[in-house]
Each structure stands twice: as structure tokens, then as C-alpha cells.
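Student: My questions all concern the structure below.
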Amino acid sequence: MSVATAAPAHPQASATGRTPRTGRLSEAVSKAGLHVAVIALTLAWITPTLGLLINSFRPGGAFNTSGWWTAFAPPFNFTLDSYRAVLGASDLAPSFFNSFMITIPGVIIPTTIAAFAAYAFAWMKFPGRDWIFLGLVGLLAVPLQLTFIPLLTLAVHLGLTSGNTLPFGLNAGFIAIWLAHTGYGLPFAVYLLANFFRVLPQDLFESAEIDGAGTLTVFFRIILPLSVPALASLVIFQFLWVWNDLLVALIYVGGAPEVAPMTVNLANLTTSLGQGSNLLTAAAFFSMIIPLIVFLSLQRYFVRGILAGSVKG
Amino acid sequence: MGGLIVWLPALQVDWQTLLTVNLPALIIVLVAVPLVLFFYIVGAEQIVRRSPKKMHGSIRPWIWVGPAILLVGVILVYPMFGTIVRSLFDRGGSHFVGLATYGHLLTDKGILIVLRNNLLWLLLYPGLVLIFGLALALLSDRVPYEKPVKSLIFMPMAISFVAMSIIWQFVYYYRPPDVPQTGILNAIVVNLFHSQPITWIQDTRFNNFAMILIGVWGATGFAMVILSAALKGIPGELLEAARVDGANELVVFRRIILPLMMPTIVVVGTTMVIFALKAFDVVYVMTAGNYNTDILARRMYAELYSAGNHANSSTLAVILLIAVVPVLIFNIRQFRAVEARR
């Protein structure tokens, strides 16, 4: 059977006029070159991280006197000392907690509000709709730095600073950071979601409305479930951006340890301890754990949603 | 990851303190924030339903789009104009000085170095990200282990610039020539090229490139993934047909692959240009702007916090905006062109 189906393909292949022997040899050489290039680039890319990872498991003074690559030779001295030291010595636990306090609302608020707005932009008619959307596209490029001074003044006026405590012991500085991340994230979020919502099949909504479904039902029962890839990629994007942010946190809460997230803590450690401290290696890896878990587990959606939203446009 | 979870108890973390830091606040965050958002939209819809039917069409859109417009207005648009106006006043904010601060800053030697550095970032960062991203997308497309390769190169995307800077501090680490080098780059320089170790972060011949390389390392994975998706969107028959006609790989790349990927390359490129202009964290952590590595965003932060000079700070922010305006206009035109094709 297989011979019979394979046979007709054969003459066609030789008809393309390639002399098999020389072709195969140069092909093999270029194939080997390809593998070497890909593997070399990949190794070059992971080496910096690998170096830090290995150093974080070496005993205190070791990485100040010899390169991390020497750890591969006996004696194999690996320890958790750096991790223990960083957990004991720095404000790691509170800043880890603060990162969650900042990131969870910093993702939920802009994503939800953007979904509401994107629904209106994609499926409702209102005066100025296209111009407002165009304005949002323009705002995508505006540097955040432009907003700091007036916004900071406003936050101080409203009492949204790390010095104030709201009911339930909620630090007012958090509110300022949430709102800042919401505003900064909204243009991209609305843009991504509106582009996705717009290409959903229209008949779906029409038939739902004929069946008597209200706006809320259409939104929660039809649009949101169909937009999971776009929502997921937006959530990951916003999560990484907020969790890894240093600048916005520095601006709105400065160094206040009650509110400072891990990035601020880590940046302070770098400047106060200087290079080559063993605390830094472990602290850096601690700050990477959560985003890496989120990223690796949701990587698939990330790519799919971004492509659907922006590239295909 | 599994190994890590097994090790956690061995770290003797005081999880008790971690959890009692501020539990009520965390509960507010997890429950109250989503509830407020949910009740807003449900409540507002109720109001629409109670209103006369004729007005539904004119009220409803504003309820859905209102919070976004309000927040963008307060957090982005109002401060943007505020900063532009502020840059025209003196340090104390009471006297109108017109463009005096601009004239003063643009002739300042330190600022000129800042602008030069930003220009270096602007040219090299997007360029190198695109070159590496495109090369990796094209090469990895032809090997069977494409997936793990892409995941590994994409990984820095999840890491903060602060952590990236720490990773690279160890790569660039310098020790005097008479002791073993612990930074891999200087180890290569000393052992393979038998040359003196280089102070990558302090040496003004290299340090700006050293900073930019960190950024490139972080962003290439993002570019690669998007470009790779565009590459896979090119119909295979098209490439086959060209190859059958005797076109070699270089011609196939230049005449078919590159033109078809151009729209995606432009999207990735403009995104990287914006990133390059906004770059802050790497320089903040690595050098704090010393050794002639300062860039606009970090200088603006320093003027705001260390110097407390709102006039200089606002002016630098506006200079940043002026640099972005071409990208902004380009983005809008691209968007309208895509809209027109729909």
C-alpha cells in the first residue's frame, strides 16, 4: 500500500533536477551549521541566568573568588545558605506580600474596566467613538514620565500616600499605585480587547438579543467566554508589567517599606550591598519565582492572544 | 519547579508572619475590588433599564466606556497637559519663564550626554532586538527542538529589569588582573584572548553598550515569538514554488519572507522604539546614571526626587514626549490604514 502511494511522488522529485549526491552533502553541512547556530545562541541566552542560579547555591564567599563554572568540578559544594540569609536579613516577606497587594488589583481593575470599554467600542454606537479610540491608540506611545508630577501632587492632595492608613489597615499608598497602573495599562488593554471583540461573529449577539438576552447577559455569557485567549494574554501582560515594575512603585510610594514591592526591595539591596553580595543572588531568584510560574504555565495563551489582538489587527 | 517546592520547608521561612502581615487588607483586595467592579456594571445597567426606552441607546455606551475614559483622562491626559504647562514655569512654579528651561537644559553638557545615550538606545536596542529576534525565528523554525529553544529565549520576558540587572552584574563582574575572574565575560577576555580584564560598567567606551545589551537580551524573546508566528503564517507552497524555480535561500528570504513579514517587523520595531525611549530600570540599578550612562527617564526621576526640581523634571518629560511624537503619529496612521482595509 505505502509503496503504491509513494511511487508517483518519486519521478516528480527527480524531475526538479537536483543531483542527489552533492545536494545531500552540502545539505548535511548546512544542517550541521544550523544546529550549531541555534544551540550556540540558546546557550548564550541562558548562560547569564544559569550563572546567577548556580552562584545562588554556592557557599558564601565562593563566588567572590572563583567563577560559577568552577562549581561543576569537585568538590560539589552547594548550599541553601544564601536563600536562608535573604529570608532572615531583608524585608523579603513583607515586600513579597506587597507585590501581591499591588499586582492583584493592578491586574483586575484595568482588565475589567478595559473589557467594559472594549465592549462599548466594539459593539455600541456613541458620538465620538472612533475619535476617542484613536486617542487611545495615540496614548499607547505616551511616556509615563509625563504624568508623574501632576499625578503625584493629586495623590498627595487626596491623601493617597503611604503615610495614610485606610479602614482595615489598608495603606492608602496601595490605592495610588493601583490607580496609576490602571491608567497606564488601560490604553493597551482597551486596544487589545476591542480588536478581539470586534471580530467575534455578529450573528451570535443578534440571535441572543432576539432571544431576549440583555446587554449584561451578552457580555458575561457570550463575549467574555469567547474572549478567553485575549483576556488571558492581557492578564499575563499586565501581571508581568505590574509585578516587575520598579519606576511606578518608586514614584508613588518611594521607599516606604509598608508598601514597597519586591522590585524596590531588590533595587535597594543592590545599591546598599553593592555587587557581589550573596544575598542578591537568592533575592533575585525569589523575585522571579511567581512571574516565571505565571508565565510558563500560561505562555501558550500569551502568544495566541497578543497575535489575535495586535498583529492581525 | 517541583524541586523548589520540596525545598521550601528547608528554608525555615516564617510563613506565619508572612500571612499575618496584613490579612484583612489582602481579603479586601481579593473580594472587595472585584465586587465593586461587578456591582458597578450591574447597578448601572439597572438604572438604564428603569430609564425611558428611548434613552437607552444614548446612556448605555457611556456607562460601559465611562470608567475607562474617566481614569485615562485623570491619570494620563490631565497630567500630560499639566506637565507641559509646568515645564514653562520656573523651579518654584510661580513665574512663567517660557522656553527658558528648555534652552538651559539643551545647552547643558550633562544633558547632551543623556540625549546621546538615548539616541544610542533608540538606534541599537530596536535594531539588535529585531536582528536577533528575526534570526532566532528563522533558525529555530528549521530544527525539531524549536519549542524548548523558544521557551528558553522567551524566559527573560518574565524577569524584572531589576533582576536582569543583577544577573548581568555577575556577567560583567570585574576583578584585578592578578586574581581569577568571576564574571564570565572577563573570564573569556582573560583566558581566551589573553587580554586585560575590562571594567564593563565603568569604562565609558563599553558601558552604554553593556546596558543596551541587557535590554536586548530581555526583549529578544518577545520579538522572536511574534516574528516566528508571522513566519509560520507564510504559506509553505509559496516558498516551495520559489525553491523549485531555483531560488536560493537568500533570495527566498529577501524576496518573499522579508516583504511578507514587514508589517509584523514594523509593529515589533515601533514597540521597541517606545521601550527604548522609556528605558529606566537597567541604568537605575546598574550605574544610577554615573559613568556617562544616564538616560532621559532616569535623569527625569533624579531631577524630581533627588534634586526636587520640578521645572527641569517636567521639561525632560516633555522632551521625551517630543521624541515619541513621530512614533505616536506613525501608530495612528498604521491603525487607520488597517481600519481602512477592513
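Note that the protein sequences, when read in sequence, are chains W and A. For the first sequence, position 4 (counting from the first letter as 1) is numbered -2 according to my numbering, and the numbering increases by one without interruption. Just add 1 to wherever you are in the second sequence, counting from 1, and you've got my numbering. We put the beta carbon where it would ideally sit given N, CA and C, even for glycine. Being a predicted model, the structure only gives us computed values, none of them experimental.
(1) Cutting at 8 Å between CB atoms, please list the residues of its own chain near Phe296 of chain W, excluding the five before and the five after it.
(2) Pairing CB atoms from the stretch 129 to 147 of chain A with CB atoms from the stretch 32 to 41 of chain W, are three or more of them under 8 Å?
(3) Using a Cβ cut-off of 7 Å, pull out every chain A residue sitting near Val184 of chain W, in sequence order please.
(4) Between Gly163 of chain W and chain A, is there a C-beta pair that is closer than 7 Å?
(5) Return the residues of the stretch 278 to 295 of chain A that lie within a Cβ-Cβ distance of less than 8 Å from chain C, sorted by chain order.
(6) Does at least one heavy atom of the ligand SAH sit under 6 Å from the Cβ of Phe120 of chain W?
(7) Do Asn238 of chain W and Asp85 of chain W have their C-beta atoms within less than 7 Å of each other?
(8) From the DSSP secondary-structure annotation, give me the bridge partner or partners of Phe97 of chain A.
(9) Spell out a yes or no on whether the stretch 247 to 254 of chain A and the stretch 175 to 188 of chain A are touching, meaning 3 or more CB-CB pairs, one atom from each, closer than 8 Å.
(10) Ile169 of chain W CB to nearest chain A CB: under 7 Å?
(11) Quick one: what's got a C-beta closer than 7 Å to Asn92 of chain W's C-beta in the same chain, skipping five residues either side?
(12) Which residue from W:Leu198, W:Phe120, W:Thr176 and W:Leu47 puts its Cα closest to that of Leu274 of chain W?
(13) Would you list the residues sitting across from Thr159 of chain W in a DSSP beta bridge?
(14) Run down chain A in chain order and give the residues with a C-beta less than 7 Å from the C-beta of Tyr359 of chain W.
(15) Kindly indicate which three-state DSSP category Thr36 of chain W falls into: helix, strand or coil?
(16) Over the uninterrupted alpha helix (DSSP H) stretch that includes Val286 of chain A, give me the two end residues.
(17) Alpha carbons only, please: which of W:Ile216, W:Val184 and W:Ser281 is nearest the one belonging to Leu311 of chain W?
(18) Using a Cβ cut-off of 9 Å, pull out every chain W residue sitting near Ala303 of chain A, in sequence order please.
(19) What residues of chain A sit near Leu234 of chain W, judged by a beta carbon separation below 8 Å?
(20) Which runs of the alpha helix (DSSP H) fall wholly inside the stretch 90 to 158 of chain W and span at least 4 residues, in chain order?
(21) Which chain A residues are close to Ala135 of chain W, counting only those with a beta carbon under 7 Å from its beta carbon?
(22) State the start and end residues of the unbroken alpha helix (DSSP H) segment that holds Ala159 of chain A.
(23) What does the alpha-carbon distance come out to for the pair Ser196 of chain A and Ala188 of chain A?
(24) Give every residue of the same chain whose Cβ lies closer than 6 Å to the Cβ of Leu160 of chain W, excluding the five residues on either side of it in the sequence, and list them in chain order.
(25) Under 8 Å, with one C-beta from each stretch per pair, do the stretch 91 to 104 of chain A and the stretch 280 to 289 of chain A reach the 3-pair mark?
(26) Which class does Ile199 of chain A belong to by DSSP, given the choice of helix, strand or coil?
(27) So Gln203 of chain A contacts chain W; which residues on that side make the cut at Cβ distance below 7 Å?
(28) Considering Cα atoms alone, identify which of A:Gly99, A:Ile48 and A:Ala159 is closest to Met282 of chain W.
(29) My assumption, with CB atoms under 8 Å, is that Ser315 of chain A sits in contact with Ile143 of chain W. Please give the rounded CB distance.
(30) Around the C-beta of Thr272 of chain A, are 16 or more other C-beta atoms found within 10 angstroms, so that it is buried, or is it exposed?
(31) I want to see whether chain W comes within less than 7 Å of His195 of chain A, judged by CB atoms only; does it?
(32) Specify, as a first and last residue, the run of the alpha helix (DSSP H) that Val49 of chain A falls within.
(33) If we ignore side chains and look at the alpha-carbon of each, how far apart do Gly177 of chain W and Val73 of chain A end up?
(34) Among W:Ile103, W:Pro68, W:Asn49 and W:Gly61, which one has its Cα closest to the Cα of Tyr77 of chain W?
(35) Rounded to a whole number of angstroms, what is the C-alpha to C-alpha distance between Ala26 of chain W and Arg244 of chain A?
Tutor: A quick look at the data gives this:
(1) Position 302 of the first sequence, counted from the start, is the residue given in the question as residue 296 of chain W. Result list for Phe296 of chain W: Ala226, Ser227, Ile230, Phe231 and Phe289, in chain order.
(2) Yes: the two stretches touch, three or more of their Cβ pairs being nearer than 8 Å.
(3) For this step, residue 184 of chain W is matched to residue 190 along the first sequence. Correct list: Ala69.
(4) By one-based count along the first sequence, residue 163 of chain W stands at place 169. For Gly163 of chain W, the answer is yes, since a Cβ of chain A falls inside 7 Å of its Cβ.
(5) In summary, chain C is missing from the structure at hand, where the protein chains are W and A.
(6) The ligand SAH is not part of the structure shown, which contains no ligands of any sort.
(7) Mapped onto the first sequence, residue 238 of chain W falls at position 244. Mapped onto the first sequence, residue 85 of chain W falls at position 91. Contact: no.
(8) Working through the second sequence from its first residue, we reach residue 97 of chain A at position 96. Per DSSP, A:Phe90.
(9) no
(10) Residue 169 of chain W sits at position 175 when you count from the first residue of the first sequence. At least 7 Å separates the CB of Ile169 of chain W from every CB of chain A.
(11) Start at 1 with the first residue of the first sequence, and residue 92 of chain W comes out as number 98. If we look at Asn92 of chain W and ignore the five residues flanking it on each side, its Cβ neighbours are Val253, Ala254 and Pro255.
(12) Translated into positions along the first sequence, residue 274 of chain W becomes position 280. The candidate whose alpha carbon is nearest that of Leu274 of chain W is W:Leu47.
(13) For the purposes of this step, residue 159 of chain W is taken as residue 165 along the first sequence, with counting starting at 1. Thr159 of chain W pairs with W:Asn165.
(14) Past the edges of chain W, shown from -5 to 307, lies residue 359 of chain W, and the structure says nothing about it.
(15) Sequence index remark: in the first sequence, residue 36 of chain W carries index 42 (1-based). Helix at Thr36 of chain W.
(16) Looking up residue 286 of chain A in the second sequence gives position 285. Taken as a continuous stretch (DSSP letters only), the alpha helix (DSSP H) holding Val286 of chain A covers Asp282 to Met287.
(17) The structure shown does not extend to residue 311 of chain W, since chain W is modelled only from -5 through 307, so no value can be given for it.
(18) Residue numbering aside, residue 303 of chain A sits at position 302 when the second sequence is read from its first letter. The contacting residues do not exist; Ala303 of chain A stays about 11 Å from chain W at best.
(19) For this step, residue 234 of chain W is matched to residue 240 along the first sequence. Ordered by position in chain A, the residues that pass the 8 Å Cβ test against Leu234 of chain W are Met158 and Ala159.
(20) The DSSP assignment places complete alpha helix (DSSP H) segments of no fewer than 4 residues inside the stretch 90 to 158 of chain W at 123 to 133 and 142 to 151, in order along the chain.
(21) Here residue 135 of chain W refers to the residue found at position 141 when the first sequence is read from its first residue. For Ala135 of chain W, the residues of chain A that pass the 7 Å Cβ criterion are Ile275, Val325, Val328, Leu329 and Asn332, in the order they occur in the chain.
(22) Counted from its first residue, the second sequence places residue 159 of chain A at position 158. For Ala159 of chain A, no alpha helix (DSSP H) run applies, since DSSP gives it neither H nor E.
(23) Indexing the second sequence from 1 puts residue 196 of chain A at position 195. Indexing the second sequence from 1 puts residue 188 of chain A at position 187. Straight-line Cα distance between these residues: approximately 10 Å.
(24) If you number the first sequence from 1, residue 160 of chain W lands on position 166. Hits under 6 Å: Ala166.
(25) no
(26) What you label residue 199 of chain A is simply residue 198 of the second sequence in a count that begins at 1. DSSP places Ile199 of chain A in coil when its eight states are reduced to three.
(27) As a first step, residue 203 of chain A must be located in the second sequence, where it is residue number 202. Neighbours of Gln203 of chain A on chain W: none; closest Cβ ~11 Å, over 7 Å.
(28) Here residue 282 of chain W corresponds to residue number 288 of the first sequence, with the count starting at 1. Looking at the Cα atoms, A:Ala159 is the closest of the given residues.
(29) Working through the second sequence from its first residue, we reach residue 315 of chain A at position 314. Working through the first sequence from its first residue, we reach residue 143 of chain W at position 149. So it is a contact: roughly 6 Å between Cβ atoms.
(30) Counted from its first residue, the second sequence places residue 272 of chain A at position 271. Thr272 of chain A should be labelled buried.
(31) By 1-based counting over the second sequence, the position of residue 195 of chain A is 194. It does not: the Cβ of His195 of chain A has no partner Cβ on chain W nearer than 7 Å.
(32) Position 48 of the second sequence, counted from the first residue, corresponds to residue 49 of chain A. Start and end: Val34 to Arg51.
(33) As a working note, residue 177 of chain W is residue 183 in the first sequence. As a working note, residue 73 of chain A is residue 72 in the second sequence. Using only the alpha carbons, I get a separation of about 5 Å.
(34) Translated into positions along the first sequence, residue 77 of chain W becomes position 83. Ranking the options by Cα distance to Tyr77 of chain W, first place goes to W:Asn49.
(35) Translated into the one-based positions of the first sequence, residue 26 of chain W becomes position 32. Translated into the one-based positions of the second sequence, residue 244 of chain A becomes position 243. Going from the Cα of Ala26 of chain W to the Cα of Arg244 of chain A covers about 21 Å.
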